[in-house]
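First the structure, in the form of structure tokens, and then the observations on it.
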Amino acid sequence: MDLDLRHIPEPPPRTDFAIGAIGAGFIMRDVHLVAYRAAGYRVTAIAATNIDKA
């Protein structure tokens, strides 16, 4: 029985996706955007209800 669950997915072969983010709170700023940058993705748009955060 194979117990290798492969719980961490393989990243796609491309990293030139244009990512749009919904929300600009601390989770987006301190977690998601940092992870996208580390993975080589570029965020091209951020939408937020507060214009100062976006």
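When the count follows the working numbering, it moves up by one through the sequence shown with no breaks and lands on 112 for the last residue.
Just so it is clear, CB atoms sit at the ideal spot from N, CA and C, and this is done for glycine as well.
Between the stretch 96 to 105 and the stretch 65 to 76, the count of Cβ pairs shorter than 8 Å is three or higher; the stretches touch. Taking 8 Å as the cut-off, the Cβ atoms of A105 and I85 do not count as close.
In chain order, A97 place their CB closer than 7 Å to the CB of P69, counting only its own chain and leaving out the 5 sequence neighbours on each side. Assignment of A82 by DSSP, reduced to helix, strand and coil, places it in the coil class.
Comparing alpha carbon positions, the residue from Y94, V89, M59, G83 closest to R72 is Y94.
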